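Written below as structure tokens is the structure these notes are about.
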Amino acid sequence: MQILFIVLYLLLVISPLALVLQFGPYTNHNWMYEIGKAFALMGFVIITLQFIISSRQKWFEKYFGLDITFSFHKAMAMMAGLLVVSHPILLAFGSNKLELLTSLSLPWYVMMGKFALLLILIQVILGLFRQKLRFGFQKWRASHNVVGGLLLLAILIHSLFASGGDLKLLPLIILWIALFTLALGSYTYHKLIMPMRLRKNTYTVKDVKKETPNVWTLTFEPPSGKKRYDYYPGQFHFLTLHRGRGLPKEEHHFTISSSPTQEGMITSSIKESGDFTAIIGETKKGDPVSVEGPFGRFSHLFYPDDWDFIFIAGGIGITPIRSMLKYMHDTGADANALLIYANHSKKDIAFRDELDGIGRNGNSKLKVVHVLSHPDNNWQGESGYVNEEILDKYIDDYKQKSFYICCPDAMRKAVMKILKKRGVKSRQIRMEVFSL
């Protein structure tokens, strides 16, 4: 299915070129002018598909994972930007009409194209430099949504009125209307319809538990008379806490730390780190919460051939791994599992008693190795950082293992470097790395 979706995407991107070649009249424009038109056609298709890709459609997200989907979305945004920005430059030089670039006294539909270029520039600058500009994530997301919608509309109007003969072709008009309708429908569903549906079926905060000095576990229960949604261990969901009391109402993604075997409830364990999560402990029992999920492919159930597991976690990265280990334990999975869990100090180890208990008594044949970077004098376990010495001490045959990694970026890069050095193939490694 992955290959099918990729092929379908590529076919859609080049489809307007095929339609122009098949049904369009012959023209004697030079090559720069023709390439400029082709870039515009492909750029429009990519931009419309961006709205579908970013709308969290589960019917294709389940084949790729939201991390890959969003990474692809970012990459294609840059590609579309390059195509659309190149379009007027190639037209101007290809037709020897440099006023297309310099003049502000042009027909309104041409100026609409320049407006689209301005919107693209805004998207690129905010996307690449928002942290340096101290432009908050929530402000960026709101502006991204508004500017994206305006960009789609501006490019549609410009292409329909300024395209010369190409957009006079009926097959191309049908394609344009279909793509715009799909993009608008995806945008409306994702930004308006889905939030309203979730708000009408809110979960409720059942419990708030402090796991460590800066990690809280929130337990949610579904609306009365309704089942909790199904998920795989290790997946994540999007939460919007409707707490009132002057607290922010923002949507954020958090890993599901509970196991699907725990019926009637679902939990997320959240570390105090950013502006929003710094006040996660102010959540109260009874607070309503909108829950959208599940998402992601960071689960051993997606890889049924894996059975000899090496789980490497750092800090709050334990949450998806805890979900998988608890599921293995509760279902009596016939699997070998080694957990290497890195933390700053003993008090920072989340779920320590539970994990150690599974290691001693569980059916999952789990061995737990704690690694503390700043242990106290009474610490009997491993100390320092997860390095070659520690990995070699507990892993006997790297090439026969399946590695599940969830930890801070610096630790992940260090571990990946060691694994590559030991001959571990990419197909043996499972992880999800993305930011919204």
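Sequential numbering of the sequence shown, starting at 1378, is according to this note's numbering.
C-beta: ideal position from N, C-alpha, C; glycine also.
All of these numbers come straight from a predicted model, not from anything done at the bench.
For the 8 Å CB-CB criterion, residue 1392 and residue 1552 form a contact. In the structure shown, residue 1663 adopts coil according to DSSP, grouped into three states.
Uninterrupted alpha helix (DSSP H) stretches at least 4 residues long and entirely within the segment 1662-1745 occur at 1695-1708 and 1729-1738, given in chain order.
Considering only 1798, 1781, 1436 and 1658, the residue with the shortest C-alpha distance to residue 1810 is 1781. Considering only 1807, 1798, 1772 and 1767, the residue with the shortest C-alpha distance to residue 1783 is 1807. For residue 1744, the closest of 1665, 1639 and 1688 by C-alpha to C-alpha distance is 1688. Annotation: the continuous beta strand (DSSP E) that includes residue 1781 extends over 1779-1783.
Between residue 1789 and residue 1719, the alpha-carbon positions lie close to 11 Å from each other.
With respect to the 8 Å criterion, residue 1613 and residue 1670 are classified as neighbours on the basis of their beta carbons. Fewer than three Cβ pairs drawn from the segment 1667-1682 and the segment 1754-1764 lie within less than 8 Å of each other, which leaves the two stretches out of contact. With 16 or more other CB atoms across the displayed protein chains lying within 10 angstroms of its CB, residue 1691 is buried. DSSP places residue 1382 in the uninterrupted alpha helix (DSSP H) bounded by 1379-1400. Within the segment 1394-1452, no beta strand (DSSP E) run of at least 3 residues lies entirely inside it. Residue environment analysis places residue 1706 among the buried positions, since at least 16 neighbouring C-beta atoms fall within 10 angstroms of its C-beta. About 6 Å separates the beta carbon of residue 1617 from that of residue 1626, a gap short enough to meet the 8 Å contact definition. Counting along the chain, no alpha helix (DSSP H) covers residue 1583; the unbroken beta strand (DSSP E) around it starts and ends at 1580-1589.
Taking a contact as a CB-CB distance under 8 Å, the pair residue 1751 and residue 1722 counts as one, their CB atoms being some 5 Å apart. Taking the C-beta atoms as reference points, residue 1703 is found no nearer than 8 Å to residue 1582.
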